[in-house]
Structures are given as structure tokens and as C-alpha cells.
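Chemist: In my numbering, the protein residues as written are 5 to 376.
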Amino acid sequence: MKITDVAALYLRLPTIKARTDSSQDTLLVRVDTDAGVTGWGEVDGCPWVAKAIIDAPMSHTLVTGLRNLLVGEDPMDVERLWTKMYEGTLYYGREGAVIQAMAGVDLALWDIKGKALDQPVWRLLGGRYRDRLRVYSSNMFQFTAEETADRLRKAKDEGFTAVKFGWEPFGRDAATDCAYLEALRKAGGDDYDIMVDVGLIWDAPTTIQRARLFEPYDLTWIEEPMHPDNLAGYKKVSDNIVQRLAAGEEECTQRGFARLIEEGGIGLAQIDLTRCGLTQAMKIADHAAQKGVMVANHNFTTDLNTAASLTFLAAVPNALMLEYCVEPSEISRNLARKPFRQHDGYMAVPEEPGLGFEPNFETIETYLVEAL
Ligand SMILES: [Mg+2]
């Protein structure tokens, strides 16, 4: 079997709001083969940049586009092709956008491998530790405490047993933050898992002060209170708060996660499959397991990410919970022919060959952007 094409498809909602909400657009990666098997991947990064990284022609052996490196190759050699892409982009890659573009390709290659062998990908990764994942409803903070608590009540009514709220307007002052958490704890009751994603806006002293104030609200984790480069801050915070400290969604390599775990002292590594790819994600989870750190996925895009995340979290021993974005983006909601659904707070791990994702071509056609 040989790769015949690598296509990057940019999908975008007609209107993009200036919020930290990455469910508004996405980049799909489609890898075609001469055996008629097609694999699908996704990139949650800057879609137009990732597309250019895939489409670019060769400048020289250390600067080339991903399609140029892959056409004619055997898609079953997923790990070797990861190395080939890493080496063929060395002068402009190694981290960030290039690894994110590689992640989309890597997911598509795993999807092909599973389909070609007629196996779900988790079996190719060594088998699954679980056939379903506890899933949490992942939300943006609403602009009042009561509207935010309404979101929790809705999640609870739907069967979710855990909920996360993130980003603006949370974090600006202690009294407002406590009002939000008070409303949420009241709506959830004593045993409901509530997580907060601060959105990178505090320094270490503020985080420690807030975390102490938040102790009565019994948060399951506090996510990304500080900038991801502030490793000394993460270390100071992790040594001084009782809550689990979560981070990692900006990282795309094992090297980046190793820094957060070893130097930053985080207690939950959040891995976005559409930024790391499955090949790196398995190495990151193994590294985390060796350090006694749990992993979760990061997912604020589509059900392709959900399929990859379920596959990944099923196949590692140290998985905590599945993130599922409930923002009502039409791209997120309708990209899969069979959208994933939770039942009683759990989501089933796909049994189909490949990653367990098949696209809804109507959605692709509706939101595909041909050129800017
Ligand atoms: Mg986050």
C-alpha cells in the first residue's frame, strides 16, 4: 500500500467571535492510498499555517512540506514516517505548528493502519484498559454566575457527572470568582466534580492565594492558572496548593510535557491529540505514568478529536477523564456521521476499525474554505 495524496481541508464557521473558543474552525487532514483506504486526522492550531506546512514544496532536504515527504510511502510505517517528517522539517519545525500539522497526519496514518488491518487503533497500541471513559462537559464561563450555574444544571440533567468552565470572565477578582464557584457548587451539590480552567492570567502568588480561597468549593483540578512558560511558577504553586494542577494543552512533544511534569510539578497532563498526534501522545502518557502523573485529553474541536482521544485514553493505564466540548459549534456537533454521545456520564470507546470516525461530507462541504 502506498500514500497517493495528503489533503488539508480548512473548515470555518461563517462568523468568528473574538473568544478563546477553538470550536469555530478546524483543519482536517485526509490521507489517500492506492488501496482505496482513506485516513482522517485533525489539527487544532492555526489552520491556514498547518495547511501551508502540509502543502509546501521542497526547499531542500531539511525544509520540505509534509505531503512531499509522504507521497509514495507505506502508510503502515507510522513511527518511521513521524521521524521522516520531523527530520524533513528540521530547520523550521521541532515544536509548535509543524508538530501540530504532523499530528493531523499521524492521526490519519493510524486511522489507515487500523482500517487496513480491520482493527480498532487501541488494539494496535497494545490493547485497551477500559471500554468507556468518564466524560466531563467542557464549557466556556458564561458572563454571569447564574448563567454559568445553568450550564452545570443542564450538564447534570443530561447525565454528566463532571463539568469544567474556562476562561473569561473568570479570574479577574477574587470576590467574583468565589461568587461563580459558590453558584456552581450550589447547583452541583456536594459530590459533583467541578473543574476550573483559569486561562493563563495569574502569577504564582495570585494562584496560591486564590487556590486557598477556593478550598471550600472542592475543585477537582485547577487548570492553567499561569502562562505555560512560567515553569518556576508552576513548581511554586504545585508545592503550595492542595488541588491538582493541570496543564499541557499548548505542548505538542514529550520534551514539552517532561518540562511541565519535572520542572513544573503538574499533577495532570492534558494532551491534545490534534496537536501531539497519537505517536507522541503514547510516549507522553508513558513518561507521565513513570512519574506518577495522570493524563487526560484536551479537546475543544470536533468528534474526530473525540474519536482519537477515546482511542488514546482507552489504551493507557493512567487516564483520568475525557474532555468533551459542549459549545454549540455546527462544525463540532456535525462533523462525524455518527456523533459521539455520553450515557450516564460515560462515553464508549469506538469498536470500529481505525479511529472510529467517519466524516459527514455535508458538513465538510458546508464549511470548507477554498481560499482566503
Ligand atoms: Mg484548557
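The C-beta atom is built at its ideal place from N, Cα and C for all residues, glycine as well.
These figures come from a predicted structure and were not determined experimentally.
Within its chain, find whatever has a CB closer than 8 Å to the CB of Gly163; leave out the 5 residues flanking it on each side and keep chain order.
Modeler: Gln346, His347, Asp348 and Gly349
Chemist: Within 10 Å of its beta-carbon, does Asp122 have 16 or more other beta-carbons around it, so buried, or fewer, so exposed?
Modeler: exposed
Chemist: Report the option in Ala183, Asp194, Lys190 and Ser242 whose CA atom is closest to the CA atom of Ile212.
Modeler: Ranked by Cα distance from Ile212, the first of Ala183, Asp194, Lys190 and Ser242 is Ser242.
Chemist: Let me check you understand the geometry: is the CB of Glu255 closer than 6 Å to at least one non-hydrogen atom of ligand 1?
Modeler: No, the Cβ of Glu255 stays beyond 6 Å of every heavy atom of ligand 1.
Chemist: Could you give the distance in angstroms between the alpha-carbon of Met351 and the alpha-carbon of Thr310?
Modeler: Going from the Cα of Met351 to the Cα of Thr310 covers about 10 Å.
Chemist: Please classify His64 as buried or exposed, where buried requires at least 16 neighbouring CB atoms within 10 angstroms.
Modeler: His64 is classed as exposed because its beta carbon has fewer than 16 other beta carbons within 10 Å across all chains shown.
Chemist: Using the beta-carbon count (16 or more within 10 Å), is Phe117 buried or exposed?
Modeler: Sequence check: residue 117 is Lys here, not Phe. With 16 or more other Cβ atoms within 10 Å, it is buried.
Chemist: Kindly identify the DSSP beta-bridge partner or partners of His64.
Modeler: Val67
Chemist: Since I believe Leu73 is in contact with Lys88 (beta carbons under 8 Å), could you give me their beta-carbon distance rounded to a whole number of angstroms?
Modeler: 6 Å
Chemist: Using 8 Å as the cut-off, can you tell me whether the region 180-191 makes contact with the region 213-226, which would need three or more C-beta pairs spanning the two stretches below that distance?
Modeler: yes
Chemist: Going along the chain, which residues of its own chain have a beta-carbon closer than 7 Å to the beta-carbon of Ala285, five neighbours each way excluded?
Modeler: Ile275, Leu277 and Phe316
Chemist: Whether or not the region 125-138 and the region 6-13 are in contact is what I'm after, with contact meaning three or more pairs of Cβ atoms, one per stretch, closer than 8 Å; do they touch?
Modeler: no
Chemist: Does the count of Cβ pairs from the region 326-345 and the region 171-178 closer than 8 Å reach three?
Modeler: The answer is no - the region 171-178 does not touch the region 326-345, with fewer than three Cβ pairs under 8 Å.
Chemist: Count Cβ pairs between the region 266-275 and the region 87-107 that sit closer than 8 Å; are there 3 or more?
Modeler: no
Chemist: Closer than 6 Å: is that where the CB of Glu327 sits relative to any heavy atom of ligand 1?
Modeler: no
Chemist: So Cys182 is in the alpha helix (DSSP H); what residue range does that whole segment cover?
Modeler: Ala178 to Gly192
Chemist: So is Tyr95 buried or exposed if we call it buried at 16+ other beta carbons inside 10 Å?
Modeler: Counting Cβ neighbours within 10 Å, Tyr95 comes out exposed, since fewer than 16 surround it.
Chemist: If you compare alpha carbons, which of Val139, Arg155, Trp52 and Val297 is closest to Gln146?
Modeler: Arg155
Chemist: Just mark Glu366 as buried or exposed, buried being the case when its beta carbon has 16 or more other beta carbons within 10 Å.
Modeler: exposed
Chemist: What whole-angstrom Cβ distance do Glu319 and Gly130 have, given they're in contact under 8 Å?
Modeler: With the sequence shown as reference, residue 319 is identified as Ala, and Glu is not the correct amino acid for it. Indeed they touch by this definition, with Cβ atoms about 6 Å apart.
Chemist: Leaving out the 5 sequence neighbours to the left and right, which residues in its chain are closer than 6 Å to Arg189 when beta-carbon positions are compared?
Modeler: Tyr221
Chemist: In the DSSP output, which residue or residues are listed as bridge partners for Asn338?
Modeler: Asn338 is not bridged to any residue.
Chemist: Need the endpoints of the beta strand (DSSP E) that Ile7 sits in, please.
Modeler: Unbroken beta strand (DSSP E) run through Ile7: Ile7 to Arg16.
Chemist: Under 6 Å from any heavy atom of ligand 1, does the C-beta of Asp201 make it?
Modeler: yes
Chemist: Measure the C-alpha to C-alpha separation of Gly252 and Glu91 and round it to an integer number of angstroms.
Modeler: 24 Å
Chemist: Let's see if you can read the secondary structure: which residues bound the alpha helix (DSSP H) around Cys280?
Modeler: Leu277 to Gln294
Chemist: Among the residues of its own chain, which have a CB less than 6 Å from the CB of Glu227, if the five just before and after it don't count?
Modeler: Around Glu227: Asp201 and Ala250.
Chemist: Would you tell me roughly how many angstroms separate the C-alpha atoms of Ser27 and Phe304, rounded to the nearest one?
Modeler: If you take the alpha carbons of Ser27 and Phe304, they lie about 6 Å apart.
Chemist: Whose C-beta lies closer than 6 Å to the C-beta of Val139 among residues of the same chain, with five residues either side of it excluded?
Modeler: Leu326, Tyr328, Gln346 and Met351
Chemist: Alpha carbon to alpha carbon, how far is Arg263 from Gly281? Give it in angstroms, no decimals.
Modeler: 19 Å
Chemist: Using 8 Å for Cβ pairs, my map puts Asp29 next to Leu15. What's the rounded Cβ distance?
Modeler: 6 Å
Chemist: Assuming Trp44 and Pro363 form a contact by the criterion Cβ under 8 Å, report the distance between their Cβ atoms to the nearest whole angstrom.
Modeler: 6 Å
Chemist: Can you check whether the C-beta of Val75 is within less than 7 Å of a C-beta belonging to chain C?
Modeler: The chain inventory of the structure shown lacks chain C, comprising one protein chain alone.
Chemist: Under the criterion of a Cβ to heavy atom distance below 6 Å, does Glu227 qualify as lining ligand 1?
Modeler: Taking non-hydrogen atoms of ligand 1 into account, the C-beta of Glu227 is found less than 6 Å away from one of them.
Chemist: With a CB to CB cut of under 7 Å and the five nearest residues on each side skipped, what residues in its chain are close to Leu70?
Modeler: Val10, Ile57, Ile58, Met89, Ala105, Met106 and Val109
Chemist: So, for Leu339: in the same chain, excluding its five sequence neighbours on each side, which residues have a beta-carbon less than 7 Å away from its beta-carbon?
Modeler: Thr306, Asp307, Leu308, Pro363, Asn364 and Thr367
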